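Notes for the one structure printed next.
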Amino acid sequence: QNLLIIGIALFSLTACNHDNEQNTTSPDGTIRLDFNLSKEGEPHYMVSFHGETLIKSSKLGFSLKGQPELSKGWTVISVDEESVKSTWEMPWGEKRNVENNYNELRIDLQEKLAPNRKMNIIFNTKTWIKIICCMSGHS
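Convert by adding 371 to the 1-based position in the sequence shown; the result is the number in the numbering used here.
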């Protein structure tokens, strides 16, 4: 019974305390992506290839007409990593069976202040890095 309570307490702590620094690599380790939030809550990413910096630390953000900027004041609310390894058949071309092998890092952010919008950033190492941002209003 005590172990169950300790386990639930540890799960609660890790579920609520997401690290502001995350990274993922391609399955072969040649591509590495680093993500972090600055002290001001600004999302940044950096990409290296074979250990050499390819994209220096770059800030992510959007300026939207008639709305507050999406550039700072974010907090990490969840992080998810997924590895995909599958093969699919292409009906034409030089290679019939195509390998689909990549790692993906999804980081869900939420603004600390109103309007408390959410943004999901997905880094995918299949075709270098793919960033998808989706926004929603109040939760």
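Where is the CB? At the ideal position from N, CA and C, for every residue including glycine. These numbers come from a predicted model, not from an experiment.
Skipping 5 residues on each side, what residues in its chain have a beta carbon closer than 8 Å to that of residue i?
{"i": "Val469", "result": "Thr458, Trp459, Glu460 and Met461"}
{"i": "Glu452", "result": "Thr395, Asn474, Glu475, Leu476 and Arg477"}
{"i": "Asp390", "result": "Val447 and Val450"}
{"i": "Gly444", "result": "Glu411, Gly412, Glu482, Lys483 and Leu484"}
Just to confirm the assignment, what range does the beta strand (DSSP E) spanning residue i have?
{"i": "Thr458", "result": "Trp445 to Glu460"}
{"i": "Ser428", "result": "Glu423 to Lys430"}
{"i": "Gln481", "result": "Asn468 to Glu482"}
{"i": "Asn495", "result": "Lys489 to Asn495"}
Cα-Cα, which of the options is closest to residue i?
{"i": "Met417", "options": "Lys456, Ser429, Ser397 and Gln393", "result": "Ser429"}
{"i": "Asp405", "options": "Ile426, Lys443 and Glu440", "result": "Ile426"}
{"i": "Gln481", "options": "Gly412, Gly400, Phe494 and Lys466", "result": "Gly412"}
{"i": "Lys497", "options": "Gln393, Glu392 and Asp399", "result": "Asp399"}
{"i": "Asn471", "options": "Gln393, Gly422 and Asn495", "result": "Asn495"}
{"i": "Ser489", "options": "Ile402, Pro414, Glu392 and Gln393", "result": "The question names Ser, but residue 489 is Lys in the sequence shown. Looking at the Cα atoms, Pro414 is the closest of the given residues."}
{"i": "Glu423", "options": "Arg403, Pro486 and Gln438", "result": "Arg403"}
{"i": "Ile493", "options": "Ser454, Ser409 and Leu435", "result": "Ser454"}
What residues match up with residue i in a beta bridge as DSSP calls it?
{"i": "Gln393", "result": "Phe406"}
{"i": "Ser419", "result": "Arg403 and Thr424"}
{"i": "Pro414", "result": "Leu408"}
{"i": "Leu441", "result": "Phe433"}
Please go through the same chain and pick out, in chain order, the residues whose beta-carbon is closer than 6 Å to the beta-carbon of residue i, but skip the five residues on each side of it.
{"i": "Gly432", "result": "Leu441 and Ser442"}
{"i": "Pro439", "result": "none"}
{"i": "Lys456", "result": "Asn472"}
To which residues of the same chain is residue i closer than 7 Å at the C-beta, ignoring the five residues directly before and after it?
{"i": "Asn407", "result": "Asn391, Glu392 and His415"}
{"i": "His421", "result": "Thr401"}
{"i": "Ser419", "result": "Arg403 and Leu425"}
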